[in-house]
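Written below as structure tokens is the structure these notes are about.
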């Protein structure tokens, strides 16, 4: 009996592993971006409309990063930015949201890119890791607090996660104390729904 149960467990594990390993997402990365209707407040506008970007744009001009992305099998990527014009000193919730989706030819390539990005996020001055809960196949987030010229504390929360062969990067900015990790996670959960 134990041998039969062990065989069934091994078979199920093999099926689950095989299914997960062969799953790839094939939609245009524009499909995995937040829309204006997904924003947590009705006063957001599109600062930069959703548009495709290439490895050079993702790399911010770094030829080494662009080559790394190409080597990892970057197939397509897209980004969008939303902004709301409010008094930052009294604002609650995000005032600036940037969402980027990167589709790779394989989950292994996406995992490699994700790992490289996480190392960069963690090395940023003042970066504090924060919990993402369950988000995709692997996820990481950091929070960075800075002071504006007028002394107002502002926060940037960056969430990055991988679902199969797609890497998502969500950057949420706002007043420290008025913009929270929960705001970013609410938006991220809407993106994860698009990946199903």
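Numbering (the numbering used here), first residue to last: 16 to 211.
Think of the CB as a built atom: it goes at the ideal place given N, C-alpha and C, for glycine as much as any other residue.
The model shown is predicted, which means the values in this text are computed figures rather than measured ones.
Distances from the alpha-carbon of residue 143 to those of 52, 115, 40, 161 put 161 closest. Here residue 187 is buried, its C-beta having at least 16 other C-beta atoms within 10 Å. For residue 83, the uninterrupted alpha helix (DSSP H) run begins and ends at 78-86, by DSSP.
Contact check for residue 74 against residue 85 fails: the beta carbons are separated by 7 Å or more. Looking at the DSSP output, residue 119 bridges to 89.
DSSP places residue 40 outside both helix and strand once states are collapsed to three, so it counts as coil.
For residue 72, the three-state secondary structure derived from DSSP is helix.
Residue burial annotation: residue 178 is buried, with at least 16 other C-beta atoms found within 10 angstroms of its C-beta.
DSSP lists 116, 176 as the bridge partner or partners of residue 183. The continuous stretches of beta strand (DSSP E) do not include residue 140, and DSSP gives it neither H nor E. Nearest Cα to residue 95 within the set 191, 52, 61: 61. Residue 99: not part of any alpha helix (DSSP H); DSSP gives it neither H nor E. DSSP lists 175 as the beta-bridge partner residues of residue 155. Close CB contacts of residue 201 within its chain, under the 8 Å cut and outside five residues either way in sequence, are with 55 (chain order). When C-beta atoms of the segment 74-83 are compared with those of the segment 102-116, fewer than three pairs fall below 8 Å, so the two segments do not count as touching.
Contact fails between the segment 114-130 and the segment 163-174, because fewer than three Cβ pairs, one in each stretch, are under 8 Å apart. DSSP, reduced to helix, strand and coil, places residue 55 outside both helices and strands of the structure shown, so it counts as coil. In the three-state scheme derived from DSSP, where H, G and I count as helix and E and B as strand, residue 192 is classed as coil.
Rounded to the nearest angstrom, the Cβ distance from residue 145 to residue 175 is 12 Å, too far for a contact under 8 Å. Less than 7 Å divides the Cβ of residue 125 from the Cβ of residue 182.
It is roughly 30 Å from the alpha-carbon of residue 150 to the alpha-carbon of residue 78.
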